[in-house]
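Q:
Number of protein chains: 2
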Amino acid sequence: MTDPKLTKLELQVMEALWSGSPRSIRNIQQTFPARKRPAYTTIQTIVYRLEGKKAVRRVRKVGNFHVFEAAVTRDIAQGRLIDELLALFGGRSQPVMARLIESGKLTLADIKEAEKT
Amino acid sequence: MTDPKLTKLELQVMEALWSGSPRSIRNIQQTFPARKRPAYTTIQTIVYRLEGKKAVRRVRKVGNFHVFEAAVTRDIAQGRLIDELLALFGGRSQPVMARLIESGKLTLADIKEAEKT
DNA sequence: TAGCATCACCTACATCTGTAGTAGGTACTA
DNA sequence: TAGTACCTACTACAGATGTAGGTGATGCTA
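Chains as they are written, first to last, in the working numbering: chain A, 1 to 117; chain B, 118 to 234.
1) Excluding the 5 residues flanking Glu69(A) on each side, which residues of the same chain have their C-beta closer than 7 Å to its C-beta?
2) Assuming Lys8(A) and Leu123(B) form a contact by the criterion Cβ under 8 Å, report the distance between their Cβ atoms to the nearest whole angstrom.
3) Give every residue of the same chain whose Cβ lies closer than 8 Å to the Cβ of Pro212(B), excluding the five residues on either side of it in the sequence, and list them in chain order.
4) Can you give the beta carbon distance from Arg99(A) to Gly196(B), rounded, assuming they're within the 8 Å contact cut?
5) What does Pro38(A) reach in chain B if we use C-beta pairs closer than 7 Å?
6) I'd like to confirm the pairing. Which residues does DSSP put opposite Val179(B) in its beta bridges?
7) Return no unless some Cβ of chain B is closer than 8 Å to the Cβ of Pro95(A).
8) With a cut-off of 8 Å, does the C-beta of Gln78(A) fall near any C-beta of chain B?
9) Measuring only between beta-carbons, confirm whether Lys53(A) sits less than 8 Å from chain B.
10) Mind checking Glu201(B): buried by the 16 CB within 10 Å criterion, or exposed?
11) Skipping 5 residues on each side, what residues in its chain have a beta carbon closer than 7 Å to that of Asn144(B)?
12) Report the CB separation of Ala188(B) from Asp120(B) in whole angstroms; it is logged as a contact under 8 Å.
13) Measure the C-alpha to C-alpha separation of Leu11(A) and Lys178(B) and round it to an integer number of angstroms.
14) In three-state terms, what does DSSP make of Arg99(A)?
15) Considering only C-alpha positions, which residue in the set Leu203(B), Asp192(B), Gly180(B) and Glu219(B) is nearest to Met131(B)?
16) Would you mind reading off the limits of the alpha helix (DSSP H) that contains Val13(A)?
17) With burial defined as no fewer than 16 other Cβ atoms inside 10 Å of the residue's Cβ, what is the status of Ser19(A): buried or exposed?
Here it is as structure tokens:
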């Protein structure tokens with residue numbers, strides 16, 4: 001079972017499921033900042049598609065609504081994302097590293113931290 | 118002029134232009150490995166779209182064909198790509214680092230190299 | 001039980017992306 | 001100059017993605 005490829009919006013929905021207990025559609029929708037909150041049915045469509053991709057599953061029904069949970073881990077999904085990016089660079093991580101440091105997103109402390117792993 | 122967002126295929130075309138002198142459509146097409154080489158017109162479409170995005174420009178006409186060159190640097194384009202990925206992670210580079218190391222794509226040598234910068 | 005709030009489902013649709021065909025122009029060659 | 005090979009410009013189209021409306025079902029409340 002190859003991990004599914006997730007899009008930007010799909011990832012945002014997954015994020016809601018990863019960072020919290022199982023949620024309902026409405027609940028997921030509300031994790032979006034009010035200003036740029038998609039319509040209820042938009043989130044619903046995304047969740048349904050994620051279901052099709054086996055990335056989420058409905059765990060139970062409460063009242064008249066369903067509750068969903070992530071079916072793939074954050075690590076798996078994010079890992080795939082990074083691997084894909086890396087592939088675009090021919091597998092060379094140097095540009096990535098350089099950029100991370102350049103943008104100040106990565107500090108020496110981070111590196112040392114990572115080194116320990 | 119915000120740097121344009123490039124897709125996978127578009128990046129591959131850009132790569133051809135970055136790594137070499139200005140090229141013709143045919144020339145770009147031939148940089149693709151024979152096995153998975155898109156049709157001439159496919160590359161042509163991509164180049165035209167890149168033109169629309171101001172990512173490439175035609176520099177001259179030789180015989181009956183045009184010669185194109187990159188209008189954005191590799192650094193700019195790749196940087197944008199990385200920043201976007203990072204944004205998906207809430208700006209935290211840790212997962213990226215972890216993954217890089219985990220997958221063996223990142224070596225200590227790379228880190229030391231990057232540190233110098 | 002009648003209504004209102006809320007859901008689930010299905011359907012629609014514009015855009016983006018990858019992919020490529022067609023028609024007509026250009027240039028070199030016999 | 002007629003033929004052949006290659007180009008350009010335009011058009012088409014399927015699948016993915018973001019976005020959301022409509023309709024009927026469910027459940028809580030007066």
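C-beta: ideal position from N, C-alpha, C; glycine also.
A: Put simply:
1) Taking the first residue of the first sequence as position 1, residue 69(A) is located at position 69. Excluding positions up to five away in sequence, the list reads Leu17, Pro22, Val56, Arg57 and Val59.
2) Here residue 8(A) refers to the residue found at position 8 when the first sequence is read from its first residue. Here residue 123(B) refers to the residue found at position 6 when the second sequence is read from its first residue. Contact doesn't hold; Cβ gap of about 15 Å is too wide.
3) Within the second sequence, residue 212(B) is the residue found at index 95, counting from 1. The residues are Phe206.
4) Locating residue 99(A) in the first sequence gives position 99, counting from the first residue. Locating residue 196(B) in the second sequence gives position 79, counting from the first residue. The Cβ separation is near 5 Å, so the contact holds.
5) In the first sequence, the residue the question calls residue 38(A) occupies position 38. Those do not exist, as Pro38(A) stays about 17 Å from chain B at its closest Cβ, beyond 7 Å.
6) Numbered from 1 along the second sequence, position 62 holds the residue referred to as residue 179(B). BP columns for Val179(B) point to Phe182(B).
7) Taking the first sequence and counting its residues from 1, one reaches residue 95(A) at position 95. Yes, Pro95(A) counts as interfacial toward chain B.
8) Here residue 78(A) corresponds to residue number 78 of the first sequence, with the count starting at 1. Yes, because at least one Cβ of chain B sits closer than 8 Å to the Cβ of Gln78(A).
9) For the purposes of this step, residue 53(A) is taken as residue 53 along the first sequence, with counting starting at 1. Cβ-Cβ to chain B under 8 Å: no for Lys53(A).
10) Translated into positions along the second sequence, residue 201(B) becomes position 84. Result: exposed.
11) As a working mapping, residue 144(B) is identified with position 27 in the second sequence. For Asn144(B), where only same-chain residues beyond five positions count, there are no Cβ hits under 7 Å.
12) For the purposes of this step, residue 188(B) is taken as the residue at position 71 of the second sequence. For the purposes of this step, residue 120(B) is taken as the residue at position 3 of the second sequence. Wrong, their Cβ atoms sit about 10 Å apart, outside the cutoff.
13) Taking the first residue of the first sequence as position 1, residue 11(A) is located at position 11. Taking the first residue of the second sequence as position 1, residue 178(B) is located at position 61. Cα to Cα, Leu11(A) sits roughly 45 Å from Lys178(B).
14) Taking the first residue of the first sequence as position 1, residue 99(A) is located at position 99. Helix at Arg99(A).
15) Counting from 1 along the second sequence, the entry for residue 131(B) is found at position 14. Checked all of Leu203(B), Asp192(B), Gly180(B) and Glu219(B); the closest Cα to Met131(B) is Asp192(B).
16) Translated into the one-based positions of the first sequence, residue 13(A) becomes position 13. Here the alpha helix (DSSP H) through Val13(A) covers Lys8 to Trp18.
17) Here residue 19(A) refers to the residue found at position 19 of the first sequence. Exposed: under 16 other Cβ atoms inside 10 Å.
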